[in-house]
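Engineer:
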DNA sequence: GCCAACGTTGGC
DNA sequence: GCCAACGTTGGC
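Numbering (our numbering), first residue to last: 6 to 141.
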């Protein structure tokens with residue numbers, strides 16, 4: 006199983022929106038590094054959902070519920086990808102960015118290293134620690 | 001509101 | 001192919 010983290014601005018699309026809908030197509034990603042991660046997604050993979058902007062906290066969990074497929078919104082000659090994500094839960098304890106920054110064990114999270122990346126992988130050990138910290 | 005990081009665009 | 005200019009993201 007692989008672990009991922011997706012960022013979203015709650016003002017445009019929030020975890021609550023995902024919860025209400027149950028499953029959502031995660032499209033519109035227009036960054037090559039992010040696409041390369043999406044390419045490796047498999048159904049059943051766990052996805053941490055992070056709210057950027059005012060909240061800047063990890064707020065929930067979702068599950069990859071499809072194989073990656075061509076982004077239907079992409080132009081015909083472009084090879085962008087989308088996946089389906091299914092809502093799992095809100096975290097018992099949302100994890101603020103400040104707490105992540107303050108944790109010596111989480112310093113190699115791509116979230117901290119590449120602030121603009123919107124889809125990224127999470128190391129299994131980091132994922133286990135995150136799950137522990139959020140008691141989910 | 002500002003700025004750092006970084007991706008993209010276009011002139012050369 | 002380089003690089004300056006510009007736009008966007010996201011934290012502060």
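C-beta: ideal position from N, C-alpha, C; glycine also.
Model, not experiment: these values are computed from the prediction.
I believe residue 62 touches residue 101 by the beta-carbon criterion, under 8 Å. Please report the beta-carbon distance rounded to the nearest angstrom.
Structural biologist: With a Cβ gap of about 5 Å, residue 62 and residue 101 count as contacting.
Engineer: Three-state secondary structure (DSSP) at residue 18?
Structural biologist: Coil.
Engineer: Does the segment 99-114 come within contact of the segment 76-87, defined as at least 3 CB pairs closer than 8 Å?
Structural biologist: Result no; under three Cβ-Cβ pairs closer than 8 Å.
Engineer: Are the beta-carbon atoms belonging to residue 42 and residue 135 less than 8 Å from one another?
Structural biologist: No. Outside cutoff.
Engineer: Tell me the rounded alpha-carbon separation between residue 46 and residue 7.
Structural biologist: Rounded to whole angstroms, residue 46 to residue 7 spans 7 Å at the Cα level.
Engineer: Would you please state the rounded distance, in angstroms, between the beta carbons of residue 38 and residue 122? I believe it to be under 8 Å.
Structural biologist: That belief holds up - the Cβ atoms of residue 38 and residue 122 are roughly 6 Å apart, short of 8 Å.
Engineer: Which residue's Cα is closest to the Cα of residue 114: 66, 132, 85, 26?
Structural biologist: Closest by alpha carbon: 132.
Engineer: Would you list the one or two residues that DSSP bridges to residue 8?
Structural biologist: 51, 127, per the DSSP bridge assignment.
Engineer: If I'm right that residue 95 touches residue 20 with Cβ under 8 Å, what's the distance once you round it to whole angstroms?
Structural biologist: Between residue 20 and residue 95 the Cβ distance is about 7 Å, and since that is below 8 Å, they are a contact.
Engineer: Could you check what DSSP says for residue 38 in three-state terms: helix, strand or coil?
Structural biologist: Reduced to three states, the DSSP call for residue 38 is helix.
Engineer: In whole angstroms, give me the CA-to-CA distance for residue 98 and residue 85.
Structural biologist: Their backbone Cα atoms lie some 34 Å apart in a straight line.
Engineer: So what's residue 72 in DSSP terms, helix, strand or just coil?
Structural biologist: Looking at residue 72 - three-state DSSP - the assignment turns out to be coil, as it is neither helix nor strand.
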